[in-house]
Amino acid sequence: MLKLIGGSYSVEISPIRGPPLVIFRSLVALPFTLLFYYNEGHRGLPKTKQHKLEYTRGLFLFLSYTTAMMGLAALPLADIEAIRFSGPLMITLLSVLMLGEEVGLRHWVALMVGFAGVLLIVRPGTTTFNLGSVFILISVLFYALMVISTRKLHTYDSSATMAYYSSLVYLVAALVLAPLPAIVGAQPDAHPSIAFLIRTWSMPTMLDLTIMAGLGLIWAAWIYFLSRAYSLAPASVLAPFEYVALPISIMWGFLIWQEVPTWLTLAGALLTLASGLYIFYLQRK
């Protein structure tokens with residue numbers, strides 16, 4: 043849905059000229075996170091003793107999702123999901139660097155093979171290189187940081203509390219970036235990823251407003267269940283479910299935009315997938 047309507051609306055845009063896609067979605071999502079909080083048996087607004095970590099996690103999520111949408115404007119869905127396969131590899135690498143987790147030689151070899159697969163997909167320095175790939179890689183990095191933050195937070199806060207603070211930070215960050223298109227001005231020759239971020243606002247139709255509201259509900263449910271999942275199970279259990287996104291994305295990309303992934307993209311995705319699953323196999327042993 044974001045790719046469909048992303049050609050008409052920017053990521054963040056001045057609320058003076060109409061309800062922005064992300065701000066409007068966040069406004070819809072916030073009340074639903076409170077419903078999840080009440081469903082857990084709480085009353086009032088969610089409270090936390092880990093404000094700094096909650097806000098940091100929310101910022102990681104905002105940066106991950108915003109850069110993902112920028113990449114979405116420039117790349118086929120299959121390429122995006124293939125690059126996102128590096129997420130579990132990034133989580134493993136950051137766990138070693140930030141959390142001090144110890145891994146063996148086989149882990150490092152698998153990581154190198156996986157990132158070699160990413161290079162096959164991105165193909166830096168070639169004529170087929172697309173700047174959108176860089177934004178997807180940045181998105182994966184911040185997603186990994188968000189997962190690590192969730193690991194730390196789940197012993198203190200509930201999933202609904204995390205979902206509430208993530209939506210709140212997302213809304214504030216979107217409002218801060220709202221004047222960006224007016225400040226930068228029109229950039230007719232900008233790369234599609236940049237244009238997606240700074241495109242001037244056009245008033246949405248009632249159908250598109252309904253879609254944006256629906257995206258708000260989906261967003262609230264997604265961040266709640268994501269927090270819940272990583273609170274209840276290790277990444278090694280959850281990662282295989284994320285890999286299911288590739289065939290689904292290939293299907294939608296072909297049916298809607300007639301996108302066909304290249305052999306290099308599929309080969310890179312296979313390398314990254316195999317290395318990620320092997321790492322999780324080693325971790326579970």
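In our numbering, the protein residues as written are 43 to 327.
All residues carry an ideal CB built from backbone N, CA and C; glycine is no exception.
Where residue i and residue j are concerned, what is the direct C-alpha to C-alpha distance, given to the nearest angstrom?
i	j	result
F322	M204	26 angstroms
A311	F238	26 angstroms
R193	T170	37 angstroms
R85	Y79	8 angstroms
D199	A71	19 angstroms
T247	S137	45 angstroms
L213	L187	20 angstroms
G83	R67	26 angstroms
I298	I290	12 angstroms
Y107	S208	12 angstroms
Q300	T307	16 angstroms
S269	L195	9 angstroms
G318	Y97	29 angstroms
G146	P130	16 angstroms
L161	N172	12 angstroms
L69	M254	10 angstroms
A220	L324	45 angstroms
R165	L87	47 angstroms
L274	W264	15 angstroms
G142	G295	39 angstroms
V357	V176	Because the chain in this structure spans residues 43 to 327, residue 357 falls outside the shown range and cannot be described.
Q229	M111	18 angstroms
N81	K89	15 angstroms
I292	K91	43 angstroms
A287	V302	16 angstroms
S128	D231	31 angstroms
A309	H93	43 angstroms
E144	A316	21 angstroms
Use the C-beta contact count for residue i: other C-beta atoms within 10 angstroms, 16 or more gives buried, fewer gives exposed.
i	result
W261	buried
V189	buried
E123	buried
R126	buried
T197	exposed
F184	buried
H149	buried
F102	buried
M154	exposed
G167	exposed
P118	buried
L249	exposed
V218	exposed
M140	exposed
L257	buried
L135	buried
What do you reckon, are the CB atoms on residue i and residue j nearer than 8 angstroms?
i	j	result
G156	T304	no
L259	F104	no
G174	S235	yes
G113	I178	yes
S201	L95	no
Y266	L76	no
V182	M132	yes
A152	Y272	no
I180	T109	yes
I240	L251	no
If contacts are defined as beta-carbon pairs under 8 angstroms, then residue i and residue j qualify, I think. What distance do you get, rounded to the angstrom?
i	j	result
A120	H233	That pair is no contact at about 20 angstroms.
A216	I65	5 angstroms
Let me check you understand the geometry: is the CB of residue i closer than 7 angstroms to at least one non-hydrogen atom of the ligand ATP?
i	result
I122	You won't find the ligand ATP in this model; it holds no ligand whatsoever.
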